[in-house]
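Chains as they are written, first to last, in the numbering used here: chain A, 398 to 596; chain B, 398 to 596. For reference, the structure discussed in these notes is given below.
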DNA sequence: TTCCAAAACAAACAGTTGTTTGGTATGATG
DNA sequence: CATCATACCAAACAACTGTTTGTTTTGGAA
């Protein structure tokens, strides 16, 4: 397939693939704002300044384009969370920072991150499995922050992960930029879990 | 508009509106399973055993049909939660039952409940405001169960509501029927918030 | 300067979308 | 029995969908 770039053939980087990032950006923006189903290839092509058919030089289908955006989204969220996760110190503080980074990724920062949370894998049946795999990949990253917490042995950490991650992801529904910052929200949520333990 | 039923004119109930529930059921099923955007009026009409154009006798548009399903969904979830909310006793136990009822509504019970959680108001721009109002209406019901909790005065109850409701609603993403029941999940989630307080 | 593959255009394809319009069976009402 | 609104059918509408095909431009390599 042509989408496999010849860039492997070293350096030069010519003009080749020049507009591919443009396509991805446009797709990410539309997928994030209107969802997968309500976005047309013409929307994307228009914003990228090209014709609809031209997209098929880079991607075999609309769903494959979604996969590319999705993958980039996961990459970015992971990259945003990684530093917070790496830093040593209080595991609770680390979790709070991880949550804050996670929230920034899906609320403010980039369209790519929003796509990962907003678009349901079943919306693209042909590639659904790959999308789920990408999500899971990230969730394992997030789970590390939970594992590190000093909790009573009876605590159900899996449930904790599902609860916290669900709370964070769902915030996309009610969050309005300009009010509480992602940092503030992360602090509030983590405190609800932590404070009672300190007493 | 014809959709305003003449039923107000007392009792008889003739054959009029006979297939309207059928339409709503079909729409609810499709909206719940494929989402609003991926459902066509032909899908719905087909399942209801009629022609696409006929739907417009009952509803002025696809979006208006969504409003009707949405409203019914909120009605049902509220009805499912109401008994749990009314019962006297331990506020924590009550919250757990409320959560269980909520989960059943959007995971197992009815397509209507699933629609309320699954379909984003912005998917139907023309009626988005009305859909949001319907959601809010229910959330106020849910908030009552939170208000009744015996919590340290410093606790942010609004954040608690957002966290718990988000965790519950997001479960639609990962829940697979047959494994943990809604009741079990509700217990696990509520315990994560309560148990630390008891110590 | 010639050549070639990359990258895009231009135009169409067949199918689907929400919706409209005009006609028609039906069952209750006078 | 005649009437009439209700509830539906039948058929089409224009617009839009993802995608394909053949052709053209382009920039770097030989």
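Here a beta-carbon is modelled for each residue, glycine too, at the ideal position from N, C-alpha and C. As the structure is a prediction and not an experimental result, all values here were calculated from the model.
Chain B within 8 angstroms of residue i, Cβ atoms only
| i | result |
| --- | --- |
| residue 585 of chain A | yes |
| residue 520 of chain A | yes |
| residue 589 of chain A | yes |
| residue 401 of chain A | With a pLDDT of only 34 at residue 401 of chain A, under 50, the local geometry of the prediction cannot be trusted, and the value read off the model is given with reservation. Not closer than 8 angstroms to any Cβ of chain B, the Cβ of residue 401 of chain A fails to qualify, so no. |
| residue 576 of chain A | no |
| residue 508 of chain A | no |
| residue 527 of chain A | no |
Distance CB(residue i)-CB(residue j) smaller than 8 angstroms
| i | j | result |
| --- | --- | --- |
| residue 463 of chain A | residue 529 of chain A | no |
| residue 524 of chain B | residue 461 of chain B | yes |
| residue 466 of chain B | residue 421 of chain B | yes |
| residue 556 of chain A | residue 496 of chain A | no |
| residue 501 of chain A | residue 477 of chain A | yes |
| residue 559 of chain B | residue 471 of chain B | no |
| residue 442 of chain A | residue 449 of chain A | yes |
| residue 536 of chain B | residue 562 of chain B | yes |
| residue 482 of chain A | residue 542 of chain A | yes |
| residue 508 of chain A | residue 429 of chain A | yes |
| residue 433 of chain A | residue 520 of chain A | yes |
| residue 546 of chain A | residue 480 of chain A | no |
| residue 567 of chain B | residue 571 of chain A | no |
| residue 590 of chain A | residue 492 of chain B | no |
| residue 455 of chain A | residue 474 of chain A | no |
| residue 554 of chain B | residue 544 of chain B | yes |
| residue 417 of chain A | residue 438 of chain A | no |
| residue 593 of chain A | residue 594 of chain B | yes |
| residue 569 of chain B | residue 514 of chain B | yes |
CB contact below 8 angstroms: residue i versus chain A
| i | result |
| --- | --- |
| residue 468 of chain B | no |
| residue 579 of chain B | no |
| residue 593 of chain B | yes |
| residue 416 of chain B | no |
| residue 408 of chain B | At residue 408 of chain B the pLDDT is 30, less than 50, meaning the model places this residue with poor confidence; the figure from the coordinates comes in the next sentence. Taking Cβ atoms only, chain A never reaches closer than 8 angstroms to residue 408 of chain B, which makes this a no. |
- Pull out every residue of the region 423-436 of chain B whose Cβ sits closer than 7 angstroms to any Cβ of chain A, in chain order. 432, 434, 435
- Any alpha helix (DSSP H) of 4 or more consecutive residues that is wholly inside the region 538-589 of chain B: 554-571
- Item | Residues of the region 538-572 of chain B with Cβ closer than 8 angstroms to any Cβ of chain A, in chain order | 549, 551, 552, 553, 556, 557, 559, 560, 561, 562, 563, 564, 565, 566, 567, 568, 570, 571
- Can you give, in chain order, each stretch of the alpha helix (DSSP H) that sits fully within the region 441-522 of chain B and has at least 4 residues? 452-455, 459-483, 488-501, 508-515
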